[in-house]
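Residue numbers (our numbering), protein chains in the order written: chain R, 1 to 287; chain S, 288 to 574; chain F, 575 to 861; chain E, 862 to 1148; chain A, 1149 to 1435; chain X, 1436 to 1722.
Data first, discussion second: the structure below is written as structure tokens.
Number of protein chains: 6
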Amino acid sequence: MTLEPNVETFLGCTAGYDEADIVLFGAPFDSTTSFRPGTRFGPAAVRRDSQGLETYSPYQDADLDEISVFDSGDLELSFGSPEPALRDIERRAAGIIGDGKFPLMVGGEHLVTLGAVRAALKTWPDLHIVQFDAHTDLRDEYLGAGLSHACVMRRCHDLVGDGRIHQFCIRSGTREEFSFAVEHTDLHRYDFAGMQEMIQFLWALDSPVYLTVDLDCLDPSVLPGTGTPEAGGVTFPQLLEAVIRACSLQVVAADVTELAPENDPSGVSTLTACKVVRELMLALGQS
Amino acid sequence: MTLEPNVETFLGCTAGYDEADIVLFGAPFDSTTSFRPGTRFGPAAVRRDSQGLETYSPYQDADLDEISVFDSGDLELSFGSPEPALRDIERRAAGIIGDGKFPLMVGGEHLVTLGAVRAALKTWPDLHIVQFDAHTDLRDEYLGAGLSHACVMRRCHDLVGDGRIHQFCIRSGTREEFSFAVEHTDLHRYDFAGMQEMIQFLWALDSPVYLTVDLDCLDPSVLPGTGTPEAGGVTFPQLLEAVIRACSLQVVAADVTELAPENDPSGVSTLTACKVVRELMLALGQS
Amino acid sequence: MTLEPNVETFLGCTAGYDEADIVLFGAPFDSTTSFRPGTRFGPAAVRRDSQGLETYSPYQDADLDEISVFDSGDLELSFGSPEPALRDIERRAAGIIGDGKFPLMVGGEHLVTLGAVRAALKTWPDLHIVQFDAHTDLRDEYLGAGLSHACVMRRCHDLVGDGRIHQFCIRSGTREEFSFAVEHTDLHRYDFAGMQEMIQFLWALDSPVYLTVDLDCLDPSVLPGTGTPEAGGVTFPQLLEAVIRACSLQVVAADVTELAPENDPSGVSTLTACKVVRELMLALGQS
Amino acid sequence: MTLEPNVETFLGCTAGYDEADIVLFGAPFDSTTSFRPGTRFGPAAVRRDSQGLETYSPYQDADLDEISVFDSGDLELSFGSPEPALRDIERRAAGIIGDGKFPLMVGGEHLVTLGAVRAALKTWPDLHIVQFDAHTDLRDEYLGAGLSHACVMRRCHDLVGDGRIHQFCIRSGTREEFSFAVEHTDLHRYDFAGMQEMIQFLWALDSPVYLTVDLDCLDPSVLPGTGTPEAGGVTFPQLLEAVIRACSLQVVAADVTELAPENDPSGVSTLTACKVVRELMLALGQS
Amino acid sequence: MTLEPNVETFLGCTAGYDEADIVLFGAPFDSTTSFRPGTRFGPAAVRRDSQGLETYSPYQDADLDEISVFDSGDLELSFGSPEPALRDIERRAAGIIGDGKFPLMVGGEHLVTLGAVRAALKTWPDLHIVQFDAHTDLRDEYLGAGLSHACVMRRCHDLVGDGRIHQFCIRSGTREEFSFAVEHTDLHRYDFAGMQEMIQFLWALDSPVYLTVDLDCLDPSVLPGTGTPEAGGVTFPQLLEAVIRACSLQVVAADVTELAPENDPSGVSTLTACKVVRELMLALGQS
Amino acid sequence: MTLEPNVETFLGCTAGYDEADIVLFGAPFDSTTSFRPGTRFGPAAVRRDSQGLETYSPYQDADLDEISVFDSGDLELSFGSPEPALRDIERRAAGIIGDGKFPLMVGGEHLVTLGAVRAALKTWPDLHIVQFDAHTDLRDEYLGAGLSHACVMRRCHDLVGDGRIHQFCIRSGTREEFSFAVEHTDLHRYDFAGMQEMIQFLWALDSPVYLTVDLDCLDPSVLPGTGTPEAGGVTFPQLLEAVIRACSLQVVAADVTELAPENDPSGVSTLTACKVVRELMLALGQS
């Protein structure tokens, strides 16, 4: 007889690379996390526990069997300096984009978004970014570093400029960050109020969109397993609806970040993150 | 002097068997659980932590002191093959019913419901089943087995036939299960919408009802301690109201299943399960 | 060179005692806790994890940098008999009040409130008490003791008399306690319904107010880390709004009690308690 | 049919009170614990998890089926002041002794020993105490209290006087406590060295003996689930041998204290405590 | 570009099937576990955390790079009835043996050994079994079932007969099991005393050997993460030496069972199990 | 009245900076940790839980009250690039040395040692390093980085050269690292065998010594709370004796690293680390 090697993928991501429309990859990096590390364990946990879900979504009446996703596993990122890690992420995302496929990254801390945004900007210089997040992430530097999870949207702003970052669910930041947002970004507090207007605006522009879901946009009761939980977030059905609506835009790349699975010993946070990824893939597959 | 043996019961269940109207028993079985075992510890945890509750419910202005419940402890079920366990459960439930009392079972995984439904059907062949659950549990088989927690409602359907299983809060299943439900059961998604119509329908029929509460109908934020938590569930007040309203029907037997206490190290899941059991007993006692 | 000693304070509480308007202190006492001890660890956990928050609140557009708070650390309370602990608390609160400052106590079990109320009553004999809590805490005695966390509001009633304790979010107690409340206190069930009327009533009286926040008023999904979690509580935004509105009254002293940090291994309960303290300080600073 | 109430006992303790030689009872008290509470949960955990053991001991070639033990459950002790709790313990132990039976108490913190020693001294005024413990427990007072787990052996010394407390495994205390021991007790550091001499001495005296096993005599690697773990303790086989040898003396009462089950989420501490209790009962049954 | 699928293997097991000398596979089964389930998670945990080890062993001065191991992943075993699971295991082991390779199984509960022993007996009818275990596992039935982790060695005895099961480290069982062993097996209590004699005996016979390592032979301080921890076990260096010495025999198949990773939140149990597997593979590779 | 700020120190470290002989400081850095982060929480945990210990050591018959130690709190180190963190550490250690005091650093991951060694070498260019550790830490680079916890002793070797690093308890590393050690360091496997010879050798040289205690030299049963636990380590009494003996040398600076408190929910690891620090300070104070 012969035996096959032990391939492990996110639930239902059984396509080969060549046939896939979406390519999932993990970015297990958390070196700049200041408060509680552990998002490095996010991608592996999402892959493993996704087996506890169904491939079918009653919300969208769609099944992962009907779309083509390849799971390319996790990048091997060096701990320590963030710049080499960002370059590895950018290279992976750029390769996927270059092959005409959709890169879907699972973090890791939110800083990993910067690598994928850099890659997307090369192909789509008029990119807009839609961010679901509890935090503004608009600091210019944090604890002396400009490459930090607390600065990632500021670094994205350096690249895309004013009015092209659309922030929702925001409920934490310094006074300076909120002031910066008034001038430079499209910030919406606490929940998804204002999303309809943004969608109409981006439809009108026919703009390519990078969607970044920092899972701490969810209320900590729903997802305690994250690095910096912030009371007062949205519910899972609210996030689900927002993700589906965002996918009505021309989304060209996306990520789901900041799951820290070991912070939630009940395992519910990981399962909820899995469901967000499942619904995001299904919504992308239908758009 | 003389000392009494150490009798342990669910809070306020101090009646003797003969005088009791309701007989509580535990069914600590989880052998078919596929994802995360541990519901075997549910009944003992409910019994123990119920001591942290009051006997009085402000919701119903009623007190456990005013009703007669006997707690007969947990069945000793063999791990391994489910059929002998189901027979033990059926025998216990049938005995209680035969003595004109109300059997209230605490699980264990949801498969235990099948044993008690078999017993109830012998006395009430026109039984309807009201199910609060995140999952359809309508698979015909699961991992090669037809007796599985994922198949329990399908097995019940084998017994009661079309239109007699009323499912609420459902948000997970295969496409096939949802299709089966369209044909054969009265399935309501996500919450308790449609409950008023069902109650009027069953009132009109004057039908006996088996009420099965799979605690994973609750949102995982409320009850993370269960085998297969599913984001997007109902709140505790919603479940409480639904339980009280269901008890306005002619409920003849009931269960509360799928608490996996060790999955929630905060202990909140167990306390919430205890409160569901208390409110259910009080609602039954008043109907 | 020379090195400074290691001063640890709640986030942003950097004022010296003389310049401070608010003086924070911890009361790490849990000796009468019957169900699950551990609130003794509350004050230290709040101090430590507050460093994970921002000093700025987008809810109130205010920053801890703009108010003057001194953190005097935790009292050293003896475990065992509660009366000496209550005397130590009363002495600390009285000293702070005597210096014209605002005492803000972090518990510890709810019994600690009695010490601070005694101190406040000496200066403000016409004091009203506003209580956010899941439990009535109106037992006359509990397990043979009159000084218990389950009796604290009854003991306060002994001091202030009828109609001067305003209770919100109440959802647990004996039938006797609820009956007592009908006669003697202003009890509101489940949430903050009736708060507007109470505020207008106290405005009309121009009465000094002691505000006591038992964190178990929050739903256990939001704050599982407490001694006696009770399903069916309020959300964080609801509590936040209530705290801010209560601070429109003439609040002269306050406490936040019943955080049991180790009951919630995710750490979310502690962070949420920190945010309640932050928002309370900011609301007090603006009133 | 009729159903029996749910009697729960320590493994194999199936005798009725009248026929029993040994009477087990729990003393779930931890109010004076200064560092980490939780020994209140010890007796219930020991009772519950003992079901995971065999009744047979290969070490002693003896079986619990061959001895007669009655488990009278846990005392209901009020939290707060220790003196009433000690009186309840003394009364229970005295009743058992008065009926010619052997009282075996499971703690709870070590202070509970004082209640049982008081009872034993009334019948056996020439009692010696054999103590296995990491701590001297010889403080005259602790945090202002004389009735504290840190003072229990000093209080026993108040009752029995010099030379009648035999301490083993001691590795923690103040300089004053070690000095006190030089004058007043028979203290052995770190392990059981010197035990043979003590046994011969007590054989010669034909003295009745109270045996108190503070489980923190074990190394924390073996039993992390205790209030104040101290590195450098003995192994389980060493304790087992010491317990068996101590039971060659005329032991008239005994206790096993300081299990804090929730401090060890692996559950190993509780299982090890169960085995200590099993072996102690078997050794007593054979002597 | 193209991307490879995400192959996950035990550390250093990078050979293809055809070139491999040893074939690792997981048997994630725990349905008959009576006390604490969770060994189903053992194989995946071992595979994952093995990445935290070095491939080089200073104990044996050998490296996994120097041997050829293929990791074929975990079997998909149905939960519920054990017989189908045993057949799947037997088939996998027989296939590997049929290809002239060495089957190394990672459990799962100890019952899985029966499947692999059945396979080995077909090729080597004169097989001896060397068992390192805390428990005799010699019950004829357990809770009404003959196929149980508590009966596995009795079932093996049914197959191999008297004098061919060599048991070490045994410290738990019923009186009947120990009596059975006196007649029928070669049982050694507590540790590896007598191993040298057994090795010489089996060398003389030149007998093929099945080596089964139930990890609960280790002391619970070393490996708390197992289903039924038993105080009084061996140390890691003792087990390591015994494994290496056993591999001087003609070992033809082996397993490592009873890791329950979630019972040890420190993760040490899993890492220790990984090291046992590494050392076992290296010892097999050198023999 | 006036109130003092909340100074928190390691147990008994009540001296002012000027009068102190030893200056303790924390280095909460873990950015290069590859397997399990969390040593950043080590210094704060050691400071906090040290309050659970006595100031008196029966092992050395010495008390912290008799020596002068100042606790300067934790450095604020930026997460991300290690070089700035190392510079901050070097500056702190150099300042303490410059004032004629003894720097005692608590980590943090082992890389922090490099900063303190750099500082010590400026004053004592003939420094020897005595290392207690499970790992060689002699890689030239790890995951592409030369500044990593896995490389720290290689970087020290770059500075001090051959024969001046004395390694004990080593049981993990690559073949290359063990080969490097044969040529360049004084490596002792598994335990403290060879320590007496090393001490005599360094006495003869009258060499200044830097003592670095990586707590993972302890067996994981004793200290599971570390980043990379390795089975087969030394016991606490063995480490205690080795620390005391090492302090008979001319030790000029020291550290205790690699406590990851959250990996051990029992808290025993932190308490054991506290005791190592206490005994080290007492041994230094007596030399």
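Cβ coordinates follow ideal geometry from the N, Cα and C atoms, glycine included.
Residue range of the alpha helix (DSSP H) that includes residue 1426 of chain A:
In the DSSP assignment, residue 1426 of chain A falls within the unbroken alpha helix (DSSP H) covering 1416-1434.
Local conformation of residue 1184 of chain A per DSSP, three classes
Looking at residue 1184 of chain A - three-state DSSP - the assignment turns out to be coil, as it is neither helix nor strand.
Where residue 284 of chain R and residue 604 of chain F are concerned, what is the direct C-alpha to C-alpha distance, given to the nearest angstrom?
Straight through space, the alpha carbons of residue 604 of chain F and residue 284 of chain R are spaced by roughly 52 angstroms.
Residue 816 of chain F and residue 786 of chain F - do their beta-carbons sit closer together than 9 angstroms?
In this structure, residue 786 of chain F keeps its C-beta atom at 9 angstroms or more from the C-beta atom of residue 816 of chain F.
Which word fits residue 1302 of chain A, buried or exposed, when buried means at least 16 other C-beta atoms lie within 10 angstroms of its C-beta?
Under this definition residue 1302 of chain A is a buried residue.
Pairing CB atoms from the stretch 55-70 of chain R with CB atoms from the stretch 138-156 of chain R, are three or more of them under 8 angstroms?
No, because fewer than three Cβ pairs between the stretch 55-70 of chain R and the stretch 138-156 of chain R fall closer than 8 angstroms, the two stretches do not touch.
Three-state secondary structure assigned by DSSP to residue 1672 of chain X:
Residue state, collapsed to three classes: helix.
Is the Cβ of residue 97 of chain R closer than 9 angstroms to any Cβ of chain F?
Closer than 9 angstroms: no.
Could you give the residue range of the alpha helix (DSSP H) that holds residue 1614 of chain X?
Where residue 1614 of chain X is concerned, the enclosing alpha helix (DSSP H) starts and stops at 1610-1619.
For residue 1107 of chain E, which residues of its own chain have a beta-carbon under 6 angstroms away from its beta-carbon, when the five flanking residues on both sides are left out?
991 and 1072.
Is it a yes or a no for the stretch 705-713 of chain F touching the stretch 725-741 of chain F, going by three-plus beta-carbon pairs under 8 angstroms?
Touching, yes, given that three or more Cβ pairs across the two stretches are closer than 8 angstroms.
Out of F:627, F:642, F:652 and F:606, which has the shortest C-alpha to C-alpha gap to residue 896 of chain E?
Among F:627, F:642, F:652 and F:606, the Cα nearest to that of residue 896 of chain E belongs to F:652.
For residue 1548 of chain X, which residues from the same chain have a beta carbon less than 6 angstroms from its beta carbon, with the 5 sequence-adjacent residues on both sides left out?
Within the same chain, residue 1548 of chain X has close Cβ partners 1587, 1647 and 1690.
Between residue 697 of chain F and chain X, is any beta-carbon pair separated by less than 9 angstroms?
No, residue 697 of chain F lies away from the interface with chain X (no Cβ there is under 9 angstroms from its Cβ).
DSSP three-state assignment for residue 410 of chain S, whether helix, strand or coil:
DSSP places residue 410 of chain S within a helical segment (H, G or I) once states are collapsed to three.
What are the start and end residues of the alpha helix (DSSP H) that includes residue 1346 of chain A?
Its alpha helix (DSSP H) spans residues 1343-1353.
Tell me, please, which residues DSSP counts as bridged to residue 1003 of chain E.
Per DSSP, E:1006.
For residue 937 of chain E, count neighbouring Cβ atoms within 10 angstroms of its own Cβ and tell me buried if that reaches 16, exposed if not.
The residue is exposed, with fewer than 16 neighbouring Cβ atoms inside 10 Å.
Classify residue 756 of chain F: buried if its beta carbon has 16 or more other beta carbons within 10 angstroms, exposed otherwise.
Label assigned to residue 756 of chain F: exposed.
When burial is assigned at 16 or more other CB atoms within 10 Å of the CB, is residue 58 of chain R buried or exposed?
That one is buried.
Kindly provide the ranges of any alpha helix (DSSP H) runs that are 4 or more residues long and lie completely inside the stretch 937-996 of chain E, ordered along the chain.
Unbroken alpha helix (DSSP H) stretches of 4 residues or longer found wholly inside the stretch 937-996 of chain E: 943-959 and 973-984, given in chain order.
For residue 1392 of chain A, name the three-state secondary structure that DSSP assigns.
Correct three-state label for residue 1392 of chain A: helix.
Measure from the C-beta of residue 79 of chain R to each C-beta in chain X and report whether the shortest distance is under 9 angstroms.
At a cut-off of 9 angstroms between beta-carbon atoms, residue 79 of chain R makes contact with chain X.
Interface residues of chain E around residue 1491 of chain X at Cβ under 9 angstroms?
What residue 1491 of chain X touches in chain E: 1033, 1034, 1035, 1036, 1037, 1038 and 1039.
Any C-beta of chain A under 9 angstroms from that of residue 270 of chain R:
No - not a single Cβ of chain A is within 9 angstroms of the one on residue 270 of chain R.
Whole-Å CB distance - residue 963 of chain E paired with residue 1078 of chain E, under 8 angstroms assumed:
Your pair residue 963 of chain E and residue 1078 of chain E does not check out as a contact, with CB atoms roughly 22 angstroms apart and the cut at 8 angstroms.
Give me the residue from R:92, R:118 and R:127 with the minimum Cα distance to residue 251 of chain R.
Taking residue 251 of chain R as reference, the option from R:92, R:118 and R:127 with the minimal CA-CA separation is R:127.
Contacts of residue 991 of chain E in chain S (Cβ-Cβ under 8 angstroms):
Ordered by position in chain S, no residue passes the 8 angstroms Cβ test against residue 991 of chain E, which lies about 26 angstroms from the chain.
Note down, in chain order, every chain X residue with its Cβ under 8 angstroms from the Cβ of residue 1211 of chain A.
Per Cβ cutoff of 8 angstroms: 1610.
Grouping DSSP H, G and I as helix and E and B as strand, with all else coil, what is residue 1320 of chain A?
Three-state DSSP puts residue 1320 of chain A in a strand.
Secondary structure at residue 1402 of chain A, three-state DSSP: helix, strand or coil?
Reduced to three states, the DSSP call for residue 1402 of chain A is strand.
Judging by CA-CA distance, which residue of X:1699, X:1619 and X:1637 is the nearest neighbour of residue 1477 of chain X?
The residue with the shortest Cα to Cα distance from residue 1477 of chain X is X:1699.
For residue 1723 of chain X, I'd like the list of residues in its chain whose CB is within less than 7 angstroms of its CB, leaving aside the five on either flank, ordered along the chain.
The structure shown does not extend to residue 1723 of chain X, since chain X spans only 1436 to 1722, so no value can be given for it.
In terms of residues, what are the limits of the beta strand (DSSP E) holding residue 336 of chain S?
Run containing residue 336 of chain S: none in the beta strand (DSSP E); it sits in the alpha helix (DSSP H), 329-336.
Endpoints, the alpha helix (DSSP H) within which residue 445 of chain S is located
Residue 445 of chain S: member of the alpha helix (DSSP H) spanning 439-447, first to last residue.
Using DSSP's beta-bridge definition, name the partner residues of residue 1314 of chain A.
Paired residue(s): A:1278 and A:1334.
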